[in-house]
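J.: For the sequence shown, this note's numbering gives the first residue as 42, with consecutive numbering after it. Got a structure for you, questions after.
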Amino acid sequence: MVDFTLWDILRNLLLAGRWTVALSLIAFIGGGLVGLLLLLLRLSQVRGVEVIVAGYVQIFQGIPLLIQLFLAYYGLGLFGINTSPWVAAAVGLTLYASAFLTEIWRGCVAAIPRGQWEASQSLAMSFGEQLRYIILPQAVKIAIPPTVGFLVQVIKGTALASVIGFMELTKVGKTIANATFSPFLIFSCVALLYFLLCYPVSLYAKSLERKMNVDR
Numbered sequence: 042m043v044d045f046t047l048w049d050i051l052r053n054l055l056l057a058g059r060w061t062v063a064l065s066l067i068a069f070i071g072g073g074l075v076g077l078l079l080l081l082l083r084l085s086q087v088r089g090v091e092v093i094v095a096g097y098v099q100i101f102q103g104i105p106l107l108i109q110l111f112l113a114y115y116g117l118g119l120f121g122i123n124t125s126p127w128v129a130a131a132v133g134l135t136l137y138a139s140a141f142l143t144e145i146w147r148g149c150v151a152a153i154p155r156g157q158w159e160a161s162q163s164l165a166m167s168f169g170e171q172l173r174y175i176i177l178p179q180a181v182k183i184a185i186p187p188t189v190g191f192l193v194q195v196i197k198g199t200a201l202a203s204v205i206g207f208m209e210l211t212k213v214g215k216t217i218a219n220a221t222f223s224p225f226l227i228f229s230c231v232a233l234l235y236f237l238l239c240y241p242v243s244l245y246a247k248s249l250e251r252k253m254n255v256d257r
């Protein structure tokens with residue numbers, strides 16, 4: 042048994058929290074970039090592409106995130122890629138986030154009345170111009186609240202990266218709990234830190250949703 046003061050516990054957990062935040066941002070931003078590309082491909086109306094993207098979304102939404110992280114950790118090595126926990130966690134969470142963000146944004150685009158497409162088409166706009174000037178500016182307003190809200194799911198999802206050895210908040214908490222034999226105290230602190238990370242984001246998402254509803 043190792044003696045840790047409460048300050049020692051909190052200090053180590055706060056240091057680990059930096060990696061939770063970093064992994065969350067990488068997964069969210071990376072997933073957003075991949076998701077945007079998939080969305081544009083899905084809207085392009087190129088034969089077969091929509092089916093492929095829809096299949097991608099179904100696969101990554103249908104497989105538990107924990108299994109995706111295992112597959113990323115053990116599967117990347119088959120292609121000669123360094124399978125460090127950091128790389129595997131970033132790849133796994135990015136692919137997971139991209140599937141959900143693609144579907145969220147597709148729903149937001151679908152919420153734009155069909156007449157907007159027809160009106161812009163009657164002005165001889167190309168597909169790219171329709172998206173850039175008419176559809177996406179409206180869809181972005183609808184998409185912001187659920188997109189910010191999804192960030193909460195990404196933050197909580199990083200906890201699963203502990204199973205492949207990534208030293209984030211949950212993994213460090215487990216290590217300290219094993220050393221101090223005080224699991225209830227340690228994981229209570231871990232839960233509090235996750236709450237402090239997620240609750241402001243949830244409030245911000247709700248605030249954005251109310252604001253967007255008023256604007257519309």
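The C-beta atom is built at its ideal place from N, Cα and C for all residues, glycine as well. Please read all numbers here as calculations on a predicted model, not as lab measurements.
As an exercise, report each continuous beta strand (DSSP E) stretch of at least 3 residues that is fully enclosed by the segment 170-222, in chain order.
T.: Runs of the beta strand (DSSP E) inside the segment 170-222: none found.
J.: Roughly how many angstroms lie between the CA atoms of LEU136 and ALA220, to the nearest whole one?
T.: LEU136 and ALA220: Cα-Cα distance of roughly 34 Å.
J.: Classify ILE93 as buried or exposed, calling it buried when 16 or more other Cβ atoms lie within 10 Å of its own Cβ.
T.: ILE93 comes out exposed.
J.: Taking Cβ positions, are PRO187 and ILE145 nearer each other than 8 Å?
T.: Taking 8 Å as the Cβ cut-off, PRO187 and ILE145 qualify as a contacting pair.
J.: Spatial neighbours of ALA129 within its chain, please: CB distance less than 7 Å, with the 5 preceding and 5 following residues excluded, ordered by chain position.
T.: These residues qualify, in order along the chain: LEU110, ALA113, TYR114, LEU117, ILE205.
J.: Taking the C-alpha atoms as reference points, what is the distance between LYS252 and ALA138?
T.: Each residue's alpha carbon lies about 25 Å from the other.
J.: Between which residues of its own chain and LYS212 is the CB-CB distance below 8 Å, once the five residues before and five after are set aside?
T.: Around LYS212: ALA57, ALA202, SER203, GLY206.
J.: Just checking, does the segment 148-164 make contact with the segment 178-192 on the three C-beta pairs under 8 Å criterion?
T.: Touching, per the Cβ criterion.
J.: Starting from the C-beta of LYS215, find all residues in its chain whose C-beta is less than 7 Å away, skip the five residues before and the five after it, and write them out in chain order.
T.: Answer for LYS215: SER203, listed in chain order.
J.: When DSSP labels each residue in this structure, what does ARG251 get in the three-state scheme?
T.: Here ARG251 sits in helix by DSSP.
J.: Curious, which full-length alpha helix (DSSP H) runs of at least 4 residues does the segment 115-150 contain?
T.: None, since the segment 115-150 contains no complete alpha helix (DSSP H) of that length.
J.: Whose C-alpha, out of LEU192, LEU84, ILE100, is nearest the C-alpha of GLY71?
T.: Taking only the C-alpha atoms, the option nearest GLY71 is LEU192.
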